[in-house]
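Protein chains: 2
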Amino acid sequence: MSNAAAESERTSTGERDAPSRGEAAPPAHGATVAFIVEQLREDILTVRIAPGSRLVEGDLTARFGVSRGPVREALRRLAADGLIDHRPNRGALVRRLSAREISEFFQIRVEMESLAARLAAESDDVDARALFAAAIRPILADGPRRLPDYLCENAAFHEALMALAGNRELRDLAMRLHLPLIMAQVADILTPDVLGASVREHRAIAVAILKRDAQGAASLMRAHLERAAALALKPRAAGENSME
Amino acid sequence: MSNAAAESERTSTGERDAPSRGEAAPPAHGATVAFIVEQLREDILTVRIAPGSRLVEGDLTARFGVSRGPVREALRRLAADGLIDHRPNRGALVRRLSAREISEFFQIRVEMESLAARLAAESDDVDARALFAAAIRPILADGPRRLPDYLCENAAFHEALMALAGNRELRDLAMRLHLPLIMAQVADILTPDVLGASVREHRAIAVAILKRDAQGAASLMRAHLERAAALALKPRAAGENSME
DNA sequence: TGTAGGACGATTGTAGGACAATATCAGAGG
DNA sequence: CCTCTGATATTGTCCTACAATCGTCCTACA
Chain A
2 MSNAAAESER TSTGERDAPS RGEAAPPAHG ATVAFIVEQL REDILTVRIA PGSRLVEGDL
62 TARFGVSRGP VREALRRLAA DGLIDHRPNR GALVRRLSAR EISEFFQIRV EMESLAARLA
122 AESDDVDARA LFAAAIRPIL ADGPRRLPDY LCENAAFHEA LMALAGNREL RDLAMRLHLP
182 LIMAQVADIL TPDVLGASVR EHRAIAVAIL KRDAQGAASL MRAHLERAAA LALKPRAAGE
242 NSME
Chain B
2 MSNAAAESER TSTGERDAPS RGEAAPPAHG ATVAFIVEQL REDILTVRIA PGSRLVEGDL
62 TARFGVSRGP VREALRRLAA DGLIDHRPNR GALVRRLSAR EISEFFQIRV EMESLAARLA
122 AESDDVDARA LFAAAIRPIL ADGPRRLPDY LCENAAFHEA LMALAGNREL RDLAMRLHLP
182 LIMAQVADIL TPDVLGASVR EHRAIAVAIL KRDAQGAASL MRAHLERAAA LALKPRAAGE
242 NSME
């Protein structure tokens, strides 16, 4: 903590942002909460803030130079998204997913994503199909990936898939399945060959979708995620941070 | 959670306006927000507050006799649950589900609930099975239902199902699918025969689960929800409050 | 008369300080 | 060594004030 400072003054009518460092000052009126949420989300998903850490309101007000109101609202929002745990009178902790939770999320995700794959394959929206094709172009490229590239591609793939599927609520709900969080917490198992295999599976799914093979797309997706689940759970089962 | 009463006055510095009517005073410290959320949720789900109504912070502070802080937090929470729409600088509206949204929710729900049915049927947890059997007993009874009874039974059925399925995250996620909200907004189509059919379907699903027939339970559930979706969407498509 | 622009009111967004309630932790006492 | 009690840290809530924004209405001008 203690990196406060950042904001010596931002008051009244004067300009309120001296982006100085670390944290750019929150943008104009009405976006403060969103800004804080975004910053914290970043920090959590990149594990800049470790799972299990406490998020103390006082520290955050100092860090962002805002009052407790927006901070509290931001925390509620993160809690609603499932990124933090909020215990009454005890504050917020960065969520740490147990093996059980990861397993449950994958179980759900299998269904949601294979539904999305089916819907995407069945879509008749030519524009959306074109966008999808464009969005997955990077995935079709061969060659090895670095981890950040892969994470980015992966997110883009799922995003494009959801867009083509055309079910907005499904997209929103899928966000709550914490794929990025899981990724961050099991990043250690993402070895180059695992990445390669995953990319190839994505490619196969994409092809099936473009061929309008709903059945194939759905089952490829199912297989893909079941494999991913097995991977994500294997090392944890053999004893690291699955205590509690 | 002892309810209400308990607190006629709680400030040492002086009584705070004694709202005393309509709403019982919020319970002890730390539960104010939860109390407000619960009240409003009730009001929304029973359509005491019509979909599309504005929820003005000032009105709510007056109604509940609390300050804007808890009210705002309660609104955020309802927004996170999807019960209200929150537009920046413009306040909150009670959410009105469009036909499209209802359709999308059902599409998702089909997958989630049939997954749950499958998991429930496959469960080996004897205690949980016993609890399930007990919970669905009312559903096995014959005879016609009144609407409120049905709604209650229905909620209990889905709850018991989720409990037996044993995937907590699935349970949480299913809550976000707004079944009660949908029910409330299409209550007009729940005629006695529709209710009867629905109860019979529930019964069939329950039997399949108790017989450990995963395949059957899942497909019965799928059929059940697809039928429900068709029903929920039929009258709206033909023009009532689907405008805007 | 019709429209553009500005004044005004209503409401939300945020600040900041105050206090009560609760959890946590450490030290005193058995 | 264990238990109880106090100090401390943190959250939950209230309050007041003000800035920013949205909507509306009203007026001025073409």
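Protein chains in written order, with the working numbering: chain A, 2 to 245; chain B, 2 to 245.
Every residue, glycine too, gets a C-beta built ideally from N, C-alpha and C.
Leaving out the 5 sequence neighbours to the left and right, which residues in its chain are closer than 7 angstroms to residue i when beta-carbon positions are compared?
i	result
A/Ile183	Leu98, Ile103, Phe106 and Ala233
A/Ile206	Ala118, Ala218, Leu221, Met222 and His225
A/Pro52	Val95, Arg96, Arg97 and Gln186
B/Leu152	Met184
A/Gly167	Leu120, Ser124, Asp126 and Ala129
A/Leu41	Ala75 and Leu79
Quick check on the burial criterion: 16 or more other C-beta atoms within 10 angstroms. Buried or exposed for residue i?
i	result
B/Ile43	Per the sequence shown, residue 43 of chain B should be read as Glu rather than Ile. Its Cβ having fewer than 16 others within 10 Å, B/Glu43 is exposed.
B/Arg77	buried
A/Arg91	exposed
A/Ile190	exposed
B/Gln216	exposed
B/Thr33	buried
A/Pro71	buried
B/Leu148	exposed
A/His30	exposed
A/Val38	buried
B/Pro141	One point to set straight first is that residue 141 of chain B is Leu, not Pro, in the sequence displayed. Exposed, since its Cβ has fewer than 16 Cβ neighbours within 10 Å.
A/Glu154	buried
A/Val57	exposed
Does any CB atom of chain B fall closer than 8 angstroms to the CB of residue i?
i	result
A/Arg78	yes
A/Gly31	yes
A/Ala81	yes
A/Glu112	yes
Kindly say whether residue i, judged by its beta-carbon, lies nearer than 8 angstroms to any beta-carbon of chain A.
i	result
B/Arg22	With a pLDDT of 41 at B/Arg22, under the threshold of 50, the modelled position of this residue cannot be trusted, and the question is left open.
B/Gln108	yes
For residue i, which residues from the same chain have a beta carbon less than 8 angstroms from its beta carbon, with the 5 sequence-adjacent residues on both sides left out?
i	result
A/Ser68	Thr62
B/Ala175	Arg110, Met113, Glu114, Ala117, His159 and Met163
B/Asp214	Ala122
A/Asp150	none
A/Leu178	Phe106, Ile109, Arg110 and Met113
Using a Cβ-Cβ cutoff of less than 6 angstroms, which residues in the same chain neighbour residue i once the five nearest sequence positions on both sides are dropped?
i	result
B/Arg146	Leu196
A/Arg22	Residue confidence is low: A/Arg22 scores 42 on pLDDT, short of 50, so the model does not pin down where it sits. No coordinate-derived value is stated.
B/Val48	Ala185
B/His87	Ala80 and Ala93
A/Ala230	Phe107
Based on the DSSP secondary-structure assignment, which residues constitute the bridge partners of residue i?
i	result
B/Leu56	B/Ala93
A/Arg1	A question about residue 1 of chain A goes unanswered here, because the residues of chain A that appear run from 2 up to 245.
Chain B contacts made by the region 153-185 of chain A, where a contact means CB separation under 7 angstroms: Correct list: Asn168, Arg169, Glu170, Leu171, Leu174 and Arg177.
Any C-beta of chain B within less than 9 angstroms: which residues of the region 114-143 of chain A qualify? Ser115, Leu116 and Leu120
Between the region 84-106 of chain B and chain A, which residues of the former have a C-beta closer than 7 angstroms to a C-beta of the latter? Pro89, Asn90, Glu102, Glu105 and Phe106
Cβ-based contacts, 9 angstroms cut-off: residues of the region 55-75 of chain A near chain B: Gly70, Arg73 and Glu74
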